[in-house]
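Protein chains in written order, with this note's numbering: chain A, 1 to 115; chain B, 1 to 112. I have placed the structure first, in the form of structure tokens, so that the comments after it can refer back to it.
Dropping the structure here:
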């Protein structure tokens with residue numbers, strides 16, 4: 001069974017500052033993918049960034065980057081130069097490779113960006 | 001480009017009434033399709049997925065069922081709703097052989 005744990009229910013950051021959201025996971029699979037999704041008040045789930053477990057290099061997407069520690073089963077998201085539009089729920093998710101593998105989600109971290 | 005639609009956007013139904021939520025994808029063929037439910041303040045729980053027409057896999061036995069009558073259409077149904085069926089229902093698609101799922105705008109269901 002796969003599990004994803006997000007231990008920070010809520011976080012706050014000032015505009016232009018940097019914030020890191022934590023995620024740990026457990027899986028028996030050797031090959032898998034990790035994702036961060038953003039859910040703004042509109043509740044649309046938006047893919048922020050993905051990481052393939054077989055890649056050692058941490059993924060980056062503009063202001064978003066991850067710190068992937070495979071041995072520790074840790075996958076944190078760093079948001080640089082935070083913007084008001086980053087205010088949202090952030091979900092960490094895991095899926096094994098293979099056809100129609102399910103996404104297992106954490107319970108989310110509510111991020112508030114303030115002026 | 002690909003788009004995914006869900007309707008209705010919101011729905012209020014009494015306990016014991018039937019349910020039909022629809023999801024359609026445009027701009028791709030033979031996608032894998034998924035139904036998730038998000039309870040208030042919680043993460044997403046996978047309910048059903050489908051790799052092709054008429055092929056449905058259930059993750060959680062419950063009061064709901066799913067069908068895929070056409071390649072890009074995925075329907076979530078119930079014969080008799082329960083209070084516990086309230087939640088936010090999200091449909092997602094992915095290209096066959098790929099690993100990124102893209103979500104629709106969701107349906108907020110309130111069972112009264």
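We put the beta carbon where it would ideally sit given N, CA and C, even for glycine.
Quiz item: If we call anything under 9 angstroms between Cβ atoms a contact, is residue 95/A one with residue 54/A?
Solution: The answer is no: Cβ separation not under 9 angstroms.
Quiz item: Which of the three DSSP states, helix, strand or coil, is assigned to residue 86/A?
Solution: DSSP places residue 86/A in helix when its eight states are reduced to three.
Practice problem: Step through the CB atoms of chain B and report whether any lies within less than 9 angstroms of the CB of residue 136/A. | Solution: Any answer about residue 136/A is impossible in this case: the structure gives chain A only from 1 up to 115.
Self-check item: Chain-ordered neighbours of residue 59/B on chain A, where CB pairs are closer than 9 angstroms
Solution: 102, listed in chain order.
Quiz item: Since residue 110/A sits in a beta bridge, which residues does DSSP pair it with?
Solution: According to DSSP, which records beta bridges pairwise, residue 110/A is partnered with 10/A, 89/A.
Quiz item: Looking at the structure shown, is residue 83/B part of a helix, part of a strand, or coil, going by DSSP?
Solution: Look at residue 83/B here: in three-state DSSP terms it is helix.
Quiz prompt | Beta-carbon proximity check, residue 114/A vs residue 15/A, cutoff 9 angstroms | solution = Against a cut-off of 9 angstroms, the Cβ pair of residue 15/A and residue 114/A comes out as a contact.
Practice problem: Give, in chain order, every residue of the segment 86-111 of chain B whose Cβ lies closer than 9 angstroms to some Cβ of chain A. | Solution: Contact residues of the segment 86-111 of chain B toward chain A are 88, 90, 92, 94, 96, 97, 99, 100, 101, 102, 103, 104, 105, 106, 108 (C-beta to C-beta distance below 9 angstroms).
Practice problem: Out of 17/B, 21/B, 3/B, state which residue places its alpha-carbon closest to the alpha-carbon of residue 9/B. | Solution: The option with the nearest alpha carbon to residue 9/B is 21/B.
Quiz prompt | Span of the beta strand (DSSP E), counted from its first residue to its last, around residue 203/A | solution = Here chain A covers residues 1 to 115 and nothing more, so residue 203/A does not appear.
Practice problem: Please report the residue range of the beta strand (DSSP E) in which residue 31/B lies. | Solution: From DSSP, residue 31/B is part of no beta strand (DSSP E); its letter is neither H nor E.
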